[in-house]
Amino acid sequence: MIDQKYHQYAGPFRLEDILQHIEKDQQVLNRGELDGALEFDDVASLAEAQQCHVGFFENPKYVDQLNNSQAGCVIVSPKRRKHVPEGMAVIELTDAYRGYAMVADLFHPIPTPTTASIHATAVLGTGVVVEDLVVIGPNVVIGSHVMIGRGTVIGANSVIGERVTIGRHCNIGNQVSISHAMIGDRVELLHGVRIGQDGFGFAMGPKGHMKVPQLGRVIIQDDVSIGANSCVDRGAGPDTVIGEGCKIDNLVQIGHNVRLGRHVVVAGMTGIAGSAKLEDFVAIGGHAGVAGHITLGAGTQLAAFSALMHETKPRQRMAGIPAMDARKFFKLQAMIGKFVSGDKNDN
Numbered sequence: 033m034i035d036q037k038y039h040q041y042a043g044p045f046r047l048e049d050i051l052q053h054i055e056k057d058q059q060v061l062n063r064g065e066l067d068g069a070l071e072f073d074d075v076a077s078l079a080e081a082q083q084c085h086v087g088f089f090e091n092p093k094y095v096d097q098l099n100n101s102q103a104g105c106v107i108v109s110p111k112r113r114k115h116v117p118e119g120m121a122v123i124e125l126t127d128a129y130r131g132y133a134m135v136a137d138l139f140h141p142i143p144t145p146t147t148a149s150i151h152a153t154a155v156l157g158t159g160v161v162v163e164d165l166v167v168i169g170p171n172v173v174i175g176s177h178v179m180i181g182r183g184t185v186i187g188a189n190s191v192i193g194e195r196v197t198i199g200r201h202c203n204i205g206n207q208v209s210i211s212h213a214m215i216g217d218r219v220e221l222l223h224g225v226r227i228g229q230d231g232f233g234f235a236m237g238p239k240g241h242m243k244v245p246q247l248g249r250v251i252i253q254d255d256v257s258i259g260a261n262s263c264v265d266r267g268a269g270p271d272t273v274i275g276e277g278c279k280i281d282n283l284v285q286i287g288h289n290v291r292l293g294r295h296v297v298v299a300g301m302t303g304i305a306g307s308a309k310l311e312d313f314v315a316i317g318g319h320a321g322v323a324g325h326i327t328l329g330a331g332t333q334l335a336a337f338s339a340l341m342h343e344t345k346p347r348q349r350m351a352g353i354p355a356m357d358a359r360k361f362f363k364l365q366a367m368i369g370k371f372v373s374g375d376k377n378d379n
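Sequential numbering from 33 applies to the sequence shown in the numbering used here.
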């Protein structure tokens, strides 16, 4: 059950209010059959939900939880509706998970500042520009000529380097460091993120390894989320660019000169080497590696624990070490399994 001590709460809501909120984003397919006067207190998992809760069902692995759930209402896609028990209200949506996200956000909106606040222990350099409703936490250090947009929150112990620009309604977590960077609106940098530090550039040779000056920036466009303790190095000459709407998990390393297109998704423990280019809507599974100086075509999917060494065409699915076409990879695994099984039978 959701503990409201930790999450801002805005409920309860009538079903009509919930439906209207969903319809800001997508159509409710069975609108006419729903009783808008029903009232719900919150969202909840199927296992914990009571009559006053709205649940969500998509994965058929949890059909038993759905059948035993006490939820008063459930959000489903058309292909899953057949599993819903009789007597439970149904919100039928083309994109059920997105709809659930809308409802959860309705009950538990992300807190936004209502007053400006700069903690007494914060240190601000000369020429810092701070717009309305900015919150700056304890022990924050902000360099000279930084610009911070309206409604942005900067957590405790963070360091913002000289001339960095941060857009509006951003959420900068605790112990974040940012330098040599331009950050758009509604960007989320979770605790411990590092933005704009030197890229890994050395002129290697028998006399030793000479550091190459990293003279670029990091450009982070609007609506980007970067998870805890991830690092984005600044470019060596060209910039490192994180495109609009990208979602980057915890513990991800993005090397210098990397360019991510729009809405790229990168799961945790992944490393992307310098000068790689990931086009729009590329998706990378956890603990994967992408070699430098290659381009991943738009919509490429790279499976977890894969190592991609060459370029991909749009919408290719890749898996393995080294990564290959996913169908070929899984066929190969099946063949190896049969071969090993045959060896055992022979012995």
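Ideal placement from N, C-alpha and C gives every residue a C-beta, glycine not left out.
| field | Of the residues 295, 160, 307, 280, the one placed nearest residue 268, counting alpha carbons only | value | 307
| query | How about residue 318 and residue 305: are their beta carbons less than 8 angstroms apart? | reply | no
| field | Cβ pair count under 8 angstroms reaching 3, the segment 285-297 against the segment 256-273 | value | yes
| said: Going by C-alpha to C-alpha distance, which of 146, 42, 225 sits closest to residue 136? | reply: 42
| query | To which residues does DSSP link residue 285 through a beta bridge? | reply | 263, 303
| Is it buried or exposed for residue 362, if we count other Cβ within 10 angstroms and need 16 for buried? | exposed
| task | Report yes if the CB atom of residue 387 is closer than 8 angstroms to the CB atom of residue 264, and no otherwise. | result | Past the boundaries of the shown model lies residue 387; the chain is included only from 33 to 379, so the question cannot be answered.
| message | So, under 8 angstroms CB-CB, residue 47 and residue 126 are touching, yes? Tell me the CB distance rounded to an integer number of Å. | response | Taking a contact as a CB-CB distance under 8 angstroms, the pair residue 47 and residue 126 does not count as one, their CB atoms being some 19 angstroms apart.
| Which one of 281, 159, 88 has the shortest CA to CA distance from residue 224? | With distances taken between Cα atoms, residue 224 lies closest to 281.
| task | Under 6 angstroms Cβ to Cβ from residue 128, same chain only, skipping five residues before and after it: list those, please. | result | 90, 107, 108, 109
| field | beta strand (DSSP E) segments (min. 3 residues) lying fully within the segment 150-181 | value | Counting only runs that start and end inside the segment 150-181, there is no beta strand (DSSP E) element of at least 3 residues.
| Endpoints, beta strand (DSSP E) assigned at residue 88 | 85-88
| Applying the criterion that 16 or more other CB atoms from any shown protein chain within 10 Å of the CB defines a buried residue, is residue 309 buried or exposed? | buried
| task | Apply the 10 Å Cβ neighbour rule to residue 112 and answer buried if 16 or more other Cβ atoms are within range, or exposed otherwise. | result | buried
| request: Could you check which residue in 33, 75, 34 has the C-alpha nearest to that of residue 50? | output: 75
| field | Validate contact between the segment 64-83 and the segment 153-163 using beta carbons, cut 8 angstroms, 3 pairs | value | no
| message | Here's a check: name, in chain order, each residue in its chain whose Cβ is nearer than 8 angstroms to the Cβ of residue 229, leaving out the five neighbours to either side. | response | 209, 211, 263, 265, 266
| By Cβ distance, which residues of its chain are closer than 6 angstroms to residue 79, with the 5 residues on each side in sequence left out? | The residues 97, in chain order, have a CB closer than 6 angstroms to that of residue 79 in the same chain once the five nearest residues on each side in sequence are set aside.
| query | Run through DSSP, which three-state label would residue 136 get? | reply | helix
| Cβ-Cβ separation, residue 169 to residue 192 (assumed contact under 8 angstroms), whole Å | The Cβ separation is near 12 angstroms, so there is no contact.
| Can you tell me the Cα-Cα spacing of residue 365 and residue 122, whole angstroms? | 41 angstroms
| Roughly how many angstroms lie between the CA atoms of residue 152 and residue 183, to the nearest whole one? | Rounded to whole angstroms, residue 152 to residue 183 spans 19 angstroms at the Cα level.
| query | Nearest to residue 180 by alpha carbon, out of 201, 188, 56? | reply | 201
| Going along the chain, which residues of its own chain have a beta-carbon closer than 6 angstroms to the beta-carbon of residue 196, five neighbours each way excluded? | 178, 210, 213
| field | Proximity below 8 angstroms, CB of residue 143 to CB of residue 40 | value | Taking 8 angstroms as the cut-off, the Cβ atoms of residue 143 and residue 40 count as close.
| field | Those runs of the beta strand (DSSP E) which lie wholly inside the segment 203-255 and span at least 3 residues | value | 213-215, 250-252
| said: With the cut-off set at 8 angstroms, would you say residue 188 and residue 206 are in Cβ contact? | reply: yes
| residue 124, enclosing beta strand (DSSP E) - first and last residue | 121-124
| query | What are the partner residues of residue 71, as DSSP defines its beta bridges? | reply | 46
| Supposed contact pair residue 149 and residue 167 - C-beta distance, whole angstroms, cut 8 angstroms | 5 angstroms
| task | Please classify residue 356: does DSSP put it in a helix, a strand, or coil? | result | strand
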